[in-house]
Amino acid sequence: MNRLMRAIKTDVIVQFRNGLYHVGLGVGIITAIIISQLIGIEAMSLAMAGIMILVVGASTVLYVAAMILFEQDEGTIYATLISPLTHGEYLAAKITSLAILASLEAMTMFYGAILIMYFQAVDIILPNFFILTLSLLTICVIFVLMGIILVVRHKKITDFIMPMAGLMLILSLPILYFIGISDHWLWLIFPISPPTMLMLGAFDGLENWQYIYGIGYSLLLLIGLSIWAQKAFAKHIVGA
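Taking my numbering, the leading residue of the sequence shown gets 14, the next gets one more, and so forth.
Encoded structure:
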């Protein structure tokens, strides 16, 4: 546990020194201002869902790529393989630190927008902050895991960009379900759908089956993607 906590602390320091926190907070603040000025409160939840998938999702995957490809280029990732830190602890530290970074960006966007609207005396109905925070954290962790699964297969950022674009396109498709263009149940299989449903429920409430789906399927996804990420890391980094 001490090794893991030290690894998380080191990752956070490295991310801060490389300017990732500055970028995340900057993007979060700018997006919060745009949301509060251009999007009405009645469309807030749907706007958040779209921004979370397209903006936060893309930036999170890029953060993952930046950290892992940088460590590959510097050789530090391979030094870790012979250190006392286990492969599982290394991945857990990366997932935790990058999820913290992505969640900070997301919460700055959405809580910042709500705060600005509040001080502008906009008549808003506050969301369930526990469910909103839980859904934001879940989405960020899912994007971190998907980013790891994808980036360990590549050595250069230029090789990674096109597969990342394809991944983001596929992951964004369920937005068609949530904005009402298509109500086919297949959209609910996509990994971003359950936490997105929880996010919308933080504003409008959900039926019991939707809560069960959102929480239960999210847990299954987190377990499954964690196992997949660990196997991908073992195959493409440890076994390389």
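Where is the CB? At the ideal position from N, CA and C, for every residue including glycine.
G63: member of the alpha helix (DSSP H) spanning 57–64, first to last residue.
In this structure, L114 is the residue among I48, L104, L114, I108 with its C-alpha nearest to the C-alpha of L33.
DSSP places F142 in the helix class (H, G or I) of the three-state scheme. The stretch 211–225 makes no contact with the stretch 168–184, as fewer than three CB pairs between them are under 8 angstroms. Annotation: the continuous alpha helix (DSSP H) that includes E87 extends over 70–87. Taking all protein chains in view, the Cβ of Q133 is surrounded by fewer than 16 other Cβ atoms within 10 Å, so the residue is classified as exposed.
Closest in alpha carbon position to A79, among V251, K169, I240, is K169. Its chain contains S49, I137 as the residues whose beta carbon lies nearer than 6 angstroms to that of M130, once the 5 sequence neighbours on both sides are disregarded; these appear in chain order.
Here M65 is buried, its C-beta having at least 16 other C-beta atoms within 10 Å. If you ignore the 5 residues before and after Y190, its C-beta comes within less than 8 angstroms of the C-beta of D196, H197, W200, L201, S206, all in its own chain and listed in chain order. Per DSSP, reduced to three states, the secondary structure at N221 is helical.
Taking C-beta atoms as the reference points, G70 and F156 count as a pair closer than 8 angstroms.
Of T151, E102, F29, the smallest CA-CA separation from A247 is found for E102. Nearest in C-alpha terms to S58, of all of R19, I144, M159, Q243, is I144. Closest by C-alpha distance to M120, out of E220, G227, A62, is A62. Taking the Cα of F203 as reference, the smallest distance to any Cα among Y226, I81, L219 is reached at Y226. Between I162 and A242, the beta carbon gap of about 5 angstroms places them in contact (Cβ cut-off 8 angstroms). Closest in C-alpha terms to K107, from the list L234, V36, V164, comes V164. Between Q28 and V36, the alpha-carbon positions lie close to 10 angstroms from each other.
Rounded to the nearest angstrom, the gap between the Cα atoms of Y124 and G252 is 43 angstroms.
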